[in-house]
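Those protein sequences? They're chains A and B, same order as listed. Residues 404 to 603 (my numbering) are what the first sequence spells out, left to right. Residues -7 to 570 (my numbering) are what the second sequence spells out, left to right. A short write-up of the structure that comes next.
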Amino acid sequence: MAEGIVTVRFKGGDKAFSVFQGLLTQGFECPLKTCGTLKHVLCRQLGISESYLNERVQTIFLNGRAVDDLVGEVVGNNSRIALSAAMPGLVGAVFRKGGMLSSLRNPRAGTTQDASLENRLGRVTLKLFNLIAAELGPEFFKNGILIKKEQLIHYLGWKKDLLHKACPAATVDGRQVETDALASSLAGAEYVRLFVDGDE
Amino acid sequence: MDKILRINMSAPGKPEIKIDSMGDYAGLGGRGLTSAIVAKEVPPMCHPLGADNKLIIAPGILSGTAAAMSGRISVGCKSPLTGGIKEANSGGQGAQVLARLGYAAIVIEGKPEKKTLYKIFVNKDGVDIAEDDSLRMLGNYDTVNRMKAEFGDKIACVSIGQAGEMMLGAASVAFTDMELRPCRHAGRGGVGAVMGSKGMKVIVLDDAGMKMRSPKDPEKFKAANKIFVEGLRKHPVTGEGLPAYGTNVLVNVVNEAGGFPTHNFKSGRFDGASRISGEALAEMETERGANPTHGCHRGCVIQCSGTFFDKNGNFLSKQPEYETVWAHGGNCGIDDLDAIAMLDRLDDDYGLDTIEMGATIGVAMEAGLAAFGDAEAAIELVKEVGKGTPLGRILGSGAGVTGKVFGVERVPVVKNQSMPAYDPRAVQGMGVTYATSTMGADHTAGYCVTANLLGVGGTVDPLSPEGQIELSRNLQIATAAIDSTGMCLFIAFAILDQEETFNAMVDMINAFTGLSMTAEDVSALGKNILTMERDFNLQAGFTAKDDRLPDYFIKETLPPHDVTFAVADADLDRVFDF
């Protein structure tokens, strides 16, 4: 266990992925090598392709504010980024990046980052919604997502029944653990790096 | 669809049935027709539950044709909730079946002398009306089951539940879906109360032996419909997002934006949002063997309605819509999808608007009748409405009445109608529409129909903050026009993004009607509808003061962004300058 981080790994194929997909919508933490523009952080550091970002991701929130300019926006330490596919309804159009209805937002909602934060080491919380979670989730789970232990325990309690069916066992730092005993096996940890493998 | 069925409930002895030609209403459908009839035939100062009010049920211009997504139906009257003109629309089978039977509208007028309940049966052979007091105080589900036993399962029903019979302000009119479940509702404004005031419990429609409506130019119509459907299927919203998650896909996004009204509009973020999100709902439905991808009427391509099964795998309700999940969920601090689906089922069965009821329960919670987050208490409060207790009648009268009775200052209504699921402090343009809509606070009044593409009201600068007034105006004009076609508003994204899909829709209308409608014609239609509606409201006593949000939206900041609604009154008063 390094720096209070334990590694938890689930196997169970698509069913397991389905059970844990909700964690992506709640948000997980991503360490950054450097802070920088939104485009730099998402593409260079988090590995999302530029074409995917341009075409598939239609709504981006930075600290709760819908943003349009990926190059002009700076991501600072402890920022929160959320990515969504195209959304229905008037509000979907309002929050859409570069959308013609963006003026219907409240321009005072949310804060902008200080550009001087650029190049500092940092960490962001990333949320993946709807189709974006379904499409990018497997890759993030394959590489492991970082979440607080309490968040995982709370989540496992919510998904208890589904979890039993999809993946009754996990490994914690390489040791086999029944899911019922998972919470107690995380004692002392602050964070969990969670892997969900796509293969049975 | 060239005739109007009029039923005079005041006629001595038995309601009188009359079939009229379209006359001055020729060419109108949906909201255009309901508002035209209300504006021309209903005295603006009449009592909404009196004999002078009329209830109009009208499918859209394209309903009953092969046009995809053409299954919306409008219900219009003077609203007992707002006191102004009302058009509430619904999906379900009603539009397609009524249109195929050849009726552009059913107009129920007058008021029976005695308190008798009636049912109407309409088929290719004519119209039959009969007394049926055995239906008294039945819920919509039981009512439809009785009609199924009597008329078979190839019917569509339009009905009211207990709330409509009690003439409550939150009462809806229910329409059955393809499986004959009364789960699609014209919810807003108390239209069910007006149906109840007429003594009309259920209208049974049977289109056996009737053909699909034929276009003037079948080949052009078929070709346009094909392109239109392809456009819907390839677009990520209509072809992927909505079919996969339904409208509830908005929960996480609106919550992230800080615009998800929580605990009776005290905050814009709900901690339990991810537990009631569209993603969580779809996963739960799939796990229980329900279907998150399901159409509410024949000819639906988007398939966003879904079904919800309980823990034992039995049908409980339709997939709760985003507005319902917000109203009964985040707004009341409830993060349990099973409880929200139960509330949805109760609302549908009693015949209640889920937005109005969720907002009402939120106000009741603020008054201390239950704690925020107490799902069981919320269910019991809604059950009071079904039982018709004094408390239930207060709650069923809506958030405004409930706030007054229990001394709550923070009541989220405009023109006495509850706000939907977007806090106007976070999405100011939505607040402009809430404030100024002829319908009261309404999220669909200014929907995402591209104003610039339609050329409605000229082109505006979308990035200008001042553009909010112009955009709201143009969206309201465009929406009024689309509401007349019978087309589902969810087509908006595909026609917004894909020019060929927009053109296909216009081609389809023109090929069907034989007209050559232009963008200017669409604009003129929308403006005409809004003008009629505004004039009616002015004559009913509305003034500029009614086009305002409640005071606390201007004074109280909304966490997490700590913003207020900042559009000036003078700007709100400019919305209808056209």
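Virtual Cβ for every residue (Gly too), placed ideally from N, Cα, C. If you're wondering where the values come from, they're calculated on a predicted model, not measured in any experiment.
6 Å CB neighbourhood of residue i in its chain, flanking five on each side removed
{"i": "residue 231/B", "result": "225"}
{"i": "residue 264/B", "result": "327"}
{"i": "residue 148/B", "result": "85, 86, 89, 168, 197"}
{"i": "residue 408/A", "result": "594, 596"}
{"i": "residue 525/B", "result": "27, 77, 430"}
{"i": "residue 318/B", "result": "413"}
{"i": "residue 113/B", "result": "120, 196"}
{"i": "residue 553/B", "result": "250"}
{"i": "residue 400/B", "result": "355, 358, 359"}
{"i": "residue 598/A", "result": "412, 547"}
{"i": "residue 528/B", "result": "31, 36, 77"}
{"i": "residue 539/B", "result": "427, 428, 564"}
{"i": "residue 10/B", "result": "-2"}
Interface flag, residue i vs chain B, CB-CB below 8 Å
{"i": "residue 424/A", "result": "yes"}
{"i": "residue 429/A", "result": "yes"}
{"i": "residue 481/A", "result": "no"}
{"i": "residue 525/A", "result": "no"}
{"i": "residue 456/A", "result": "no"}
{"i": "residue 491/A", "result": "yes"}
{"i": "residue 435/A", "result": "no"}
{"i": "residue 475/A", "result": "no"}
{"i": "residue 382/A", "result": "Nothing about residue 382/A can be read from this structure; chain A reaches only from 404 to 603."}
{"i": "residue 420/A", "result": "no"}
{"i": "residue 462/A", "result": "yes"}
{"i": "residue 494/A", "result": "yes"}
{"i": "residue 470/A", "result": "no"}
DSSP bridge partner residues for residue i (one or two, in chain order)
{"i": "residue 206/B", "result": "The partner list for residue 206/B (beta bridge, DSSP) is empty, contrary to what the question assumes."}
{"i": "residue 69/B", "result": "78/B"}
{"i": "residue 149/B", "result": "196/B"}
{"i": "residue 434/A", "result": "526/A"}
{"i": "residue 85/B", "result": "According to DSSP, which records beta bridges pairwise, residue 85/B is partnered with nothing at all."}
{"i": "residue 49/B", "result": "67/B, 98/B"}
{"i": "residue 463/A", "result": "486/A"}
{"i": "residue 0/B", "result": "8/B, 101/B"}
Short CB-CB distance (under 8 Å) between residue i and chain A
{"i": "residue 23/B", "result": "no"}
{"i": "residue 337/B", "result": "no"}
{"i": "residue 460/B", "result": "yes"}
{"i": "residue 428/B", "result": "no"}
{"i": "residue 267/B", "result": "yes"}
{"i": "residue 273/B", "result": "no"}
{"i": "residue 449/B", "result": "Residue placement at residue 449/B cannot be trusted, given a pLDDT of 39 that sits under 50; what the coordinates show is reported in the next sentence. Judged by the 8 Å Cβ criterion, residue 449/B is not in contact with chain A."}
{"i": "residue 552/B", "result": "yes"}
{"i": "residue 544/B", "result": "no"}
{"i": "residue 186/B", "result": "no"}
Residue range of the alpha helix (DSSP H) that includes residue i
{"i": "residue 110/B", "result": "From DSSP, residue 110/B is part of no alpha helix (DSSP H) but of the beta strand (DSSP E) over 110 to 115."}
{"i": "residue 33/B", "result": "22 to 33"}
{"i": "residue 403/B", "result": "Segment: none, residue 403/B is in no alpha helix (DSSP H) and carries neither H nor E."}
{"i": "residue 369/B", "result": "367 to 379"}
{"i": "residue 547/B", "result": "544 to 547"}
{"i": "residue 132/B", "result": "132 to 143"}
{"i": "residue 552/B", "result": "Counting along the chain, residue 552/B falls outside any alpha helix (DSSP H), and DSSP gives it neither H nor E."}
Own chain partners of residue i with C-beta closer than 7 Å, once the 5 adjacent residues on each side are dropped
{"i": "residue 293/B", "result": "60, 61, 221, 224, 225"}
{"i": "residue 566/A", "result": "422, 559, 582"}
Proximal residues to residue i (C-beta, below 8 Å), its chain only, five neighbours per side dropped
{"i": "residue 457/B", "result": "Residue placement at residue 457/B cannot be trusted, given a pLDDT of 49 that sits under 50; what the coordinates show is reported in the next sentence. Cβ neighbours of residue 457/B beyond the five flanking positions: none."}
{"i": "residue 557/B", "result": "416, 417, 420, 423, 541, 545, 546"}
DSSP-derived helix/strand/coil call for residue i
{"i": "residue 269/B", "result": "coil"}
{"i": "residue 123/B", "result": "strand"}
{"i": "residue 299/B", "result": "strand"}
{"i": "residue 494/A", "result": "helix"}
{"i": "residue 283/B", "result": "coil"}
{"i": "residue 448/B", "result": "Bear in mind that the predicted position of residue 448/B carries a pLDDT of just 39, short of 50, making it unreliable; the figure below should be weighed with that in mind. Coil, per DSSP."}
{"i": "residue 407/A", "result": "coil"}
{"i": "residue 587/A", "result": "helix"}
{"i": "residue 421/A", "result": "helix"}
{"i": "residue 230/B", "result": "helix"}
{"i": "residue 593/A", "result": "coil"}
Start-to-end residues for the beta strand (DSSP E) that takes in residue i
{"i": "residue 575/A", "result": "572 to 575"}
{"i": "residue 17/B", "result": "No beta strand (DSSP E) contains residue 17/B, which DSSP labels as neither H nor E."}
{"i": "residue 308/B", "result": "307 to 310"}
{"i": "residue 578/A", "result": "578 to 581"}
{"i": "residue 430/B", "result": "Here residue 430/B belongs to no beta strand (DSSP E), and DSSP marks it neither H nor E."}
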